Amino acid sequence: MTYVGRPLPRAEDVRFLTGRARYLADLEEDGVLHAAFARSPHAHARLVEVDTEAAASAPGVVAVLTGADLAGVGTLPSGSVEDGVVADAGHPVLARGVVRYVGEPVALVLAESRAAAEDAADLIDDRYEPLEPVLSPRDESNILVRWSRSRGDVEGAFAKADRLVSCSFTIPRLVAAPLEGRGALARYDAAEDVLVVHCSAQDPHRPLAHLSHALGRDPERIRIVIPDVGGAFGSKGAIGPEVVAVAAAALRLGRPVKWVEDRLENFLAAYQGRGLEADAELAVSADGRLLALRAHLHADLGAYLYPTTPVSGHTTAMLLTGAYAIPAAEVTLVGAATNKPPTGPYRGAGRPEAALVIERLVELAARELGVDPFELRRRNFVPREAFPYETALGWVYDSGDYERCLDRALELLGIEDRRAEREKARAEGRIVGIGAGMVIERCGGLWESARVQVEPGGGVVVWTGSSPHGQGHETTFAQIAADELGIAPDDVTVRWGDSHEVPPGIGTFASRSVAMGGSAIVQACRELRETGASSVEVRFESPLLFSSGAYAAAVEIERATGRLHVLRLVAADDPGKVINPLLAEGQVLGAVVQGLGECLAEEAVYDEEGQPRTASFADYKLLTAAEIPSVATAFVETPSPHNPLGAKGVGEAGAIGTPAAVANAVADALAAEGLPGLDPPFTEERLWQALNAREG
Amino acid sequence: MKIRNEVTVPAPLEQTWSLLLDVPRVVRALPGATVEPDGVEGVYRGDLKVRLGPVAMEYEGTARLEDVDEDEHVASFLVEGRERRGHGGATATIVNRLVPTEEGTRLVVETDLSVTGRAAQLGRGLMEDVAAGLLDRFAQGLETAVLGREEEVAPSELDVGAAVWEPLLRRYGPIAAAGVGGFLLGLAVRRR
Amino acid sequence: MEEAVSLLARYGDEAKVLAGGQSLIPLLNFRLARPERLVDVNRIDELAYIRRRDGVLHIGALTRMASLERSPLVAGRWPLLAEAARLVGHPQIRSRGTVGGSVAHADPAAELPAALAALGAGFHAASQRKSRVLAVEEFFITHLTTALEPEELLVEITVPPLPPRTGAAIVEHARVHGDFALGGCAVVVGPRKASIVLLAAGPTPLRAGAAEEAFVNGADVDEVAELAASESGLSGYRRALAAELTRRALTMATERASA
Chain S
393 MTYVGRPLPR AEDVRFLTGR ARYLADLEED GVLHAAFARS PHAHARLVEV
443 DTEAAASAPG VVAVLTGADL AGVGTLPSGS VEDGVVADAG HPVLARGVVR
493 YVGEPVALVL AESRAAAEDA ADLIDDRYEP LEPVLSPRDE SNILVRWSRS
543 RGDVEGAFAK ADRLVSCSFT IPRLVAAPLE GRGALARYDA AEDVLVVHCS
593 AQDPHRPLAH LSHALGRDPE RIRIVIPDVG GAFGSKGAIG PEVVAVAAAA
643 LRLGRPVKWV EDRLENFLAA YQGRGLEADA ELAVSADGRL LALRAHLHAD
693 LGAYLYPTTP VSGHTTAMLL TGAYAIPAAE VTLVGAATNK PPTGPYRGAG
743 RPEAALVIER LVELAARELG VDPFELRRRN FVPREAFPYE TALGWVYDSG
793 DYERCLDRAL ELLGIEDRRA EREKARAEGR IVGIGAGMVI ERCGGLWESA
843 RVQVEPGGGV VVWTGSSPHG QGHETTFAQI AADELGIAPD DVTVRWGDSH
893 EVPPGIGTFA SRSVAMGGSA IVQACRELRE TGASSVEVRF ESPLLFSSGA
943 YAAAVEIERA TGRLHVLRLV AADDPGKVIN PLLAEGQVLG AVVQGLGECL
993 AEEAVYDEEG QPRTASFADY KLLTAAEIPS VATAFVETPS PHNPLGAKGV
1043 GEAGAIGTPA AVANAVADAL AAEGLPGLDP PFTEERLWQA LNAREG
Chain B
2 MKIRNEVTVP APLEQTWSLL LDVPRVVRAL PGATVEPDGV EGVYRGDLKV
52 RLGPVAMEYE GTARLEDVDE DEHVASFLVE GRERRGHGGA TATIVNRLVP
102 TEEGTRLVVE TDLSVTGRAA QLGRGLMEDV AAGLLDRFAQ GLETAVLGRE
152 EEVAPSELDV GAAVWEPLLR RYGPIAAAGV GGFLLGLAVR RR
Chain D
50 MEEAVSLLAR YGDEAKVLAG GQSLIPLLNF RLARPERLVD VNRIDELAYI
100 RRRDGVLHIG ALTRMASLER SPLVAGRWPL LAEAARLVGH PQIRSRGTVG
150 GSVAHADPAA ELPAALAALG AGFHAASQRK SRVLAVEEFF ITHLTTALEP
200 EELLVEITVP PLPPRTGAAI VEHARVHGDF ALGGCAVVVG PRKASIVLLA
250 AGPTPLRAGA AEEAFVNGAD VDEVAELAAS ESGLSGYRRA LAAELTRRAL
300 TMATERASA
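Protein chains in written order, with my numbering: chain S, 393 to 1088; chain B, 2 to 193; chain D, 50 to 308.
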């Protein structure tokens, strides 16, 4: 009996669904102090004074700390990007001298209850001299990241091209909106001289490294423990300054300190996703070959660089040639500081932006040449014989079969029927469109470890450096270990999250856990079997892996109200070997829903003074089940040669393919009305304005 | 946010102009308003309690006459307030321009308003209507003051009730009164 | 109830009434509202009822939205109210939120106030000193503001009977299901009579009087809808939405009137 490849239901669901999960907020400590932050109301201002007298003497308050009180604490590490120039802009623990976004923490109140701490935070007398905020990523007065790459004869290609297609894009910021917000519980164990921090995070490794850096504390003297985590989607990869402040307070005051953020704090200060403006052009030959790509990317990085902040822009840049064998490409990336919260990875993390740009350009080129957009794609796909394929921008795609994905997607869509329906609908004066988007998902890479241990009772414990926050690792890793050791998944216990107990690792992000964490487990199990040892620890390394896929959508725009109806959405994903089809489909659907949110309703908005206009769910709209259309999914499995499982990643594809497919479908619908395409979100107001702009 | 209000006062320009420069009288024209000089010439201090149904924001701040152009009859006020409990605030530059007309004097009020904190973040678009109503009330208050119709004894407490709204309803009609917004400014005497 | 009104008389505008809490609690959480006291009326069972007497519908202020939605009496004779209740938020909200609470909160985008306005409802308030009835035009003042005085408790809403050959409909548009409406219209039409009330079109539910008159005088649906949108003072997309939703509501209501 093999378990890999079977749709086993999740083992961890029982505790989650019966309310027995233990999240950060559920953890108790004797003598704990509750933390609340006073936060900047200005997007950009000189911080003149922070008078904490009234707050310090409020009922229940034990201490109030400002940036001056924590002068010895450093900033969080500043992000970096390969082959790029980056400024040093690490996030300070508490603001000193200047504030750079609405919501930036200015002071920390520690009290006997959260309510008392919040009441006291309101009494903090913080005084500011407002300064002009910088809000556009095209404003180059403060550049944090600079990167560029040029390969092949780009200029020559553009000179001799028969057609040029160009487009500009504005991809707004998004709020990750995990169900559980951020939080930390810090306690200093004096007997062991260890700072213990429970943290709602994506893995223990990065919080450990970042805290060590900011506090200037030996990492051996820090222990990170991850409890059950209620979602993250990328927004809990790097810890916020609040965690550093809370840890510093615990060390200083000798009492445990607990911080559980509320939804408003999450909206104001948790790092946000996307935020990119792009100008891109394609050089195309008359016979439909994509000759070269040129793009200028302007990333809205926000006020500071988290270690993860530069990643999305760089990923977008590197993936701009998409699924196509474009021989020449030139991309420049400028990451601008703005007076908004920092940005960072959010489901897709740069890949959705790349897919949107290249897929829109491809369909524009098809329209320009009068060619079927699917034909144009086929003519330019990296052919299945060409792998491993090095793109013009420098990444090596390991394997793939893009034609097969596209075929499958068109089959699921019922392309002929959808085209016939479109004809008929247009004849009736309805506004309908069909569009597609290819997915390239960069995943895996670097390394992970696993330790597998045989228990005296006969069961097996797997210690993994990967850390789940909703992916179902406890189930998939058990399936993998069970197959390798010839036992049942029930006999496998998966342990994760405690830095003192798990082997070292990189972390859970970039859809890497099955390919990397899972492969480490495979190797550890094999070594266990071969050597007969009772415990083996293994480190598994791999180059980058590339999942792929094809998404397609059919949409209708209601003329009178502007409302966008996604009639049908299909996804044909190739994540390499699928370990658990039930969970894999769940990942696709979850990412699709977030991708649809990006298309229909989600957008983090800041006004001309840098004030957030979407600071609650009353204004930042999340889709409900009622808005989700029928979604058909299928898997194609082209194994990766780089790991024993042949697996790649599947967690983010839905968020990459959906916006590209829907954007193209909307553009197709609007083109029939003689109108150009639009940037997301495709809200009813925007669509109505576009349809009615010509009148009056 | 930029807001514009206009009201035509049946009084001559010079009379209207001299009232405009008299900050205490202007403020007192609003229901429930009193002020106290700050000690610094031209600066007045007070509390601003702004209420709309269950929503109540309390600001403490200053109002001062900034620019005076005697030739063009333009007077600007700077009003700055910080939330009494919370980290937000509001700053308004209110430019008042007088133009003589056949019926009397037209008062044009142009306000540049900046709001930070909870009210800005969570207002769900209410802030524009709220501020517009406030400035509308202010323009009408000036009209009342010019015509010498202020009440002798102003209530020292904020009150949003039918008693206040009936005169407005009768005078301006339901649509206009509804457009004025459900505010009352209560600038109370404060010790500092 | 005596205890409730005596508390309100004592604390006046320092107190806020807490019923279902579906509108008030979020304001408290945001710290936008900070009343000194909350008067919790949830256990005043005698204020939760749906009754018909002498043709008039009497709804106790504490009636949960869900009860209104499920009531056979309401579905049979005042289906507009059941239809409006179904548009309010999500089922969870309707299980706690009350009719009186929605009305007293007076959010201009709320469905029930618009439907009640179209039906010509009366609002019954009680305080220690007096009881009184307010008509729709007197009751809604502006955003989140009614004519209720601090010491008054809304106790009942009455709705007159509808004459035969009357049809009604309420239509709204929200970005996502259960969200605040971007626009909406409640319509009641009968022989030589029409009520057209726009929601999310101004500071209160907006009676489109000129549109009503035009309808009664035989103007076609599109013309009436355009008139209603003009009366709202909205422009651009919101105006077009108001016209479209009015058109749909009028069409549905007229069809139902002739059925």
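For every residue, glycine included, the Cβ atom is placed at its ideal position computed from N, Cα and C.
Everything numeric in this text was worked out from a predicted model, so none of it was measured.
Check	Outcome
Anticipated Cβ contact below 8 Å, residue 50 of chain D with residue 93 of chain D, distance rounded	5 Å
Sequence-distant residues of the same chain with beta carbon closer than 6 Å to residue 931 of chain S, five excluded per side	839 and 841
Helix, strand or coil at residue 446 of chain S according to DSSP, with G and I counted as helix	helix
Sub-8 Å separation of residue 852 of chain S and residue 809 of chain S beta-carbons	no
Beta-carbon spacing of residue 906 of chain S, residue 1039 of chain S below 8 Å	yes
Range covered by the alpha helix (DSSP H) that runs through residue 405 of chain S	405-409
Short CB-CB distance (under 8 Å) between residue 662 of chain S and chain D	no
Proximal residues, the region 279-304 of chain D versus chain S, C-beta separation under 7 Å	286, 289, 290 and 293
Within 8 Å, strictly: CB atoms of residue 976 of chain S and residue 959 of chain S	no
Per-residue DSSP class, three states only, for residue 764 of chain S	coil
Cβ-based neighbour list, residue 552 of chain S, same chain, cut-off 6 Å, excluding 5 preceding and 5 following	none
Counted within 10 angstroms of its Cβ, other Cβ atoms place residue 503 of chain S as buried (16 or more) or exposed	buried
Where residue 130 of chain B falls, given that 16 or more other Cβ within 10 Å makes a residue buried	buried
Where residue 161 of chain B falls: helix, strand or coil (DSSP)	Unreliable positioning characterises residue 161 of chain B in this predicted model, as indicated by a pLDDT of 32, which lies under 50. A coordinate reading is not provided.
Coarse secondary structure for residue 1003 of chain S, derived from DSSP in three states	coil
Own chain residues within Cβ distance below 8 Å of residue 604 of chain S, not counting five before or after	610, 611 and 614
Within-8 Å CB hit, residue 571 of chain S to chain B	no
Buried/exposed call for residue 123 of chain B, threshold 16 Cβ in 10 Å	buried
Backbone CA spacing between residue 202 of chain D and residue 139 of chain D [nearest angstrom]	26 Å
Neighbour list for residue 53 of chain B in chain D, Cβ cutoff strictly below 7 Å	192, 193 and 194
Beta-carbon proximity check, residue 661 of chain S vs residue 733 of chain S, cutoff 8 Å	yes
Minimum C-alpha distance to residue 192 of chain D - residue among D/225, D/129, D/254 and D/214	D/254
Which of helix, strand or coil DSSP assigns to residue 156 of chain D	coil
Within 8 Å, strictly: CB atoms of residue 750 of chain S and residue 694 of chain S	no
Outcome for residue 463 of chain S when other beta-carbon atoms lying within 10 angstroms are tallied against a minimum of 16	exposed
For residue 1027 of chain S and residue 401 of chain S, the rounded distance between their alpha carbons	18 Å
Neighbourhood of residue 989 of chain S by C-beta, 7 Å cutoff - its chain only, sequence neighbours within 5 removed	1014 and 1015
Cβ pair residue 1042 of chain S, residue 967 of chain S closer than 8 Å	yes
Nearest neighbour of residue 210 of chain D, chosen from D/163, D/104, D/78 and D/227 [CA to CA]	D/104
Length of the line joining the Cα atoms of residue 111 of chain D and residue 67 of chain D	10 Å
Interface residues of chain D facing residue 56 of chain B [CB-CB closer than 8 Å]	76, 81, 82 and 193
Chain D residues whose Cβ lies nearer than 9 Å to that of residue 954 of chain S	286, 289 and 290
Short CB-CB distance (under 8 Å) between residue 1088 of chain S and chain B	Bear in mind that a pLDDT of 43 at residue 1088 of chain S, under 50, signals an unreliable position, so the number given afterwards is only what the model happens to contain. Not one chain B Cβ lies under 8 Å of residue 1088 of chain S.
Separation of residue 175 of chain D from residue 145 of chain B, as counted between CA atoms	35 Å
Straight-line Cα distance separating residue 484 of chain S from residue 561 of chain S	32 Å
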